[in-house]
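Numbering (the numbering used here), first residue to last: 432 to 681.
So, in structure tokens, the structure goes:
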């Protein structure tokens, strides 16, 4: 295991050199105008991610009320870690700590977060959709809506478990492209922008996972309150998640 980590470390140290070579090759062949195309691509992906985050916050507000903004404030540090490391799982210890401070019991976060990292990669899936359409347009390939939906489902299945590997989404895209007649060489067109996009999509994953954990905790707290089984969940957890004032200590 340590040997594999060491090899991965060597590869990641040389990754900037590979990205520089890919960018230099693309600019040499296509001219400086390609930078504007990359700018539009990156801007489109980030715009989509911002809309997705806004939608996630709206859904969280529907379930949590104003508490969703306090939650986002408490997960700022995990989001910074995600942005700097491009790995959702690197934020796992800090996410556990901050979500417990928010009032979510460990038994819920320790169950929900690992599942969310594998099955709730919102930002990664959005990037893969943008990347696929970008390459389809670059090669002038037309695909029907049914074919695009099939490609999305294949990526959805093949992307499970990528949260711990930085820039793993591009590997999923590269593996999926030949199945739909898109040249695998086209992945080189994505290398120049992938590093900048990976940071944003990882932050999106973290936001989605934190809101999902809080919503499930609220649901569990409501169920416990309805059954009259509040002692199963710590009293202060029910108070925080249900927006109820905590009783003063005597």
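Note that the Cβ used here is the ideal one computed from N, Cα and C, for glycine as well.
*May I ask you to report which of helix, strand or coil DSSP gives residue 484?*
The residue you call residue 484 lines up with position 53 of the chain shown. Of the three classes helix, strand and coil, the one that applies to residue 484 here is helix, per DSSP.
_residue 613 versus residue 653: straight-line alpha-carbon distance, rounded_ = Translated into the one-based positions of the chain shown, residue 613 becomes position 182. Translated into the one-based positions of the chain shown, residue 653 becomes position 222. Going from the Cα of residue 613 to the Cα of residue 653 covers about 49 Å.
*Is the CB-CB distance between residue 495 and residue 658 below 8 Å?*
Counting from one through the chain shown, the residue named residue 495 turns up at place 64. Counting from one through the chain shown, the residue named residue 658 turns up at place 227. In this structure, residue 658 does not lie closer than 8 Å to residue 495 by Cβ.
*Tell me whether residue 416 sits in a helix, a strand or coil according to DSSP, three-state version.*
Residue coverage of the chain in this structure runs from 432 to 681, which leaves residue 416 outside it and unanswerable.
*Using beta-carbon positions only, say whether residue 698 and residue 568 come within less than 8 Å of one another.*
Nothing about residue 698 can be read from this structure; the chain reaches only from 432 to 681.
*asked:* One question on the structure: do residue 600 and residue 590 come within less than 8 Å of each other, judged by their Cβ atoms?
replied: As a first step, residue 600 is located in the chain shown; it is residue number 169 there, counting from the start. As a first step, residue 590 is located in the chain shown; it is residue number 159 there, counting from the start. Yes, the Cβ-Cβ distance between residue 600 and residue 590 is below 8 Å.
*When the Cα atoms are used, what is the spatial distance from residue 602 to residue 464?*
Here residue 602 refers to the residue found at position 171 when the chain shown is read from its first residue. Here residue 464 refers to the residue found at position 33 when the chain shown is read from its first residue. Their Cα atoms are separated by approximately 27 Å.
*Can you grab the Cα-Cα spacing for the pair residue 670 / residue 491, in whole Å?*
Position 239 of the chain shown, counted from the start, is the residue given in the question as residue 670. Position 60 of the chain shown, counted from the start, is the residue given in the question as residue 491. No answer about residue 670 holds up, because its pLDDT of 49 lies below 50 and its placement is not dependable.
*Smallest Cα separation from residue 572: which of 611, 588 and 540?*
By one-based count along the chain shown, residue 572 stands at place 141. Closest option to residue 572, Cα to Cα, is 611.
_Once DSSP output is grouped into helix, strand and coil, what is the label at residue 636?_
Taking the first residue of the chain shown as 1, we reach residue 636 at position 205. Helix, per DSSP.
*Does DSSP put residue 663 in a helix, in a strand, or in coil?*
Taking the chain shown and counting its residues from 1, the one referred to as residue 663 is at position 232. Confidence is the limiting factor: at residue 663 the pLDDT is only 43, short of 50, which leaves the residue's position unreliable, though a coordinate-based value still follows. In the structure shown, residue 663 sits in a helix (DSSP, three-state: H, G or I).
_Cβ separation of residue 631 and residue 477, assumed to be a contact under 8 Å, to the nearest whole Å_ = Numbered from its first residue, the chain shown carries residue 631 at position 200. Numbered from its first residue, the chain shown carries residue 477 at position 46. Indeed, because the Cβ distance is near 6 Å, the residues count as touching under 8 Å.
_Residues in the same chain with beta-carbon distance under 6 Å from residue 607, minus the five sequence neighbours each way, listed in chain order, please._
Residue mapping note: residue 607 aligns to position 176 of the chain shown, counting from 1. Around residue 607: 585 and 586.
_Same chain, Cβ closer than 7 Å to residue 562, five either side skipped, listed in chain order_ = Residue numbering aside, residue 562 sits at position 131 when the chain shown is read from its first letter. Taken in chain order, the residues that qualify are 604 and 621.
*Mind reading off the beta-carbon distance from residue 509 to residue 526? Whole number of angstroms is fine, and I expect it under 8 Å.*
As a working mapping, residue 509 is identified with position 78 in the chain shown. As a working mapping, residue 526 is identified with position 95 in the chain shown. So it is a contact: roughly 5 Å between Cβ atoms.
*Closest to residue 635 by CA distance: which of 454, 487 and 501 is it?*
Mapped onto the chain shown, residue 635 falls at position 204. For residue 635, the nearest C-alpha among the options comes from 487.
*Run through DSSP, which three-state label would residue 631 get?*
On the chain shown, position 200 is the one that residue 631 refers to. Helix, per DSSP.
_Using the three-state DSSP reduction, which class does residue 506 fall into: helix, strand or coil?_
Indexing the chain shown from 1 puts residue 506 at position 75. Of the three classes helix, strand and coil, the one that applies to residue 506 here is coil, per DSSP.
*With 16 other Cβ atoms within 10 Å as the buried cut-off, status of residue 533*: Against the chain shown, residue 533 aligns to sequence position 102. By the 10 Å Cβ count, residue 533 comes out buried.
*Between residue 655 and residue 457, is the Cβ-Cβ spacing less than 8 Å?*
On the chain shown, position 224 is the one that residue 655 refers to. On the chain shown, position 26 is the one that residue 457 refers to. Their beta carbons are not under 8 Å apart, which means residue 655 does not touch residue 457 by this criterion.
*So residue 519 and residue 633 are in contact, right, with Cβ under 8 Å, and what is the actual spacing, rounded?*
Position 88 of the chain shown, counting from 1, holds the residue named residue 519. Position 202 of the chain shown, counting from 1, holds the residue named residue 633. Right, their Cβ atoms sit about 6 Å apart.
*Applying the criterion that 16 or more other CB atoms from any shown protein chain within 10 Å of the CB defines a buried residue, is residue 667 buried or exposed?*
Taking the chain shown and counting its residues from 1, the one referred to as residue 667 is at position 236. In this prediction, residue 667 scores a pLDDT of 46, lower than 50, which makes its location untrustworthy; the coordinate-derived value is nonetheless stated afterwards. Result: exposed.
*Would you kindly check if the distance between the Cβ of residue 506 and the Cβ of residue 637 is under 8 Å?*
Within the chain shown, residue 637 is the residue found at index 206, counting from 1. Within the chain shown, residue 506 is the residue found at index 75, counting from 1. Taking 8 Å as the Cβ cut-off, residue 637 and residue 506 qualify as a contacting pair.
*For residue 643 and residue 535, believed in contact at Cβ under 8 Å, the rounded distance*: Your numbering for residue 535 matches position 104 in the chain shown. Your numbering for residue 643 matches position 212 in the chain shown. Their Cβ separation, rounded to whole angstroms, is 11 Å, which puts residue 535 and residue 643 out of contact at 8 Å.
_8 Å contact criterion, which residue 517 and residue 629 should meet: CB distance rounded_ = For this step, residue 517 is matched to residue 86 along the chain shown. For this step, residue 629 is matched to residue 198 along the chain shown. Indeed, because the Cβ distance is near 4 Å, the residues count as touching under 8 Å.
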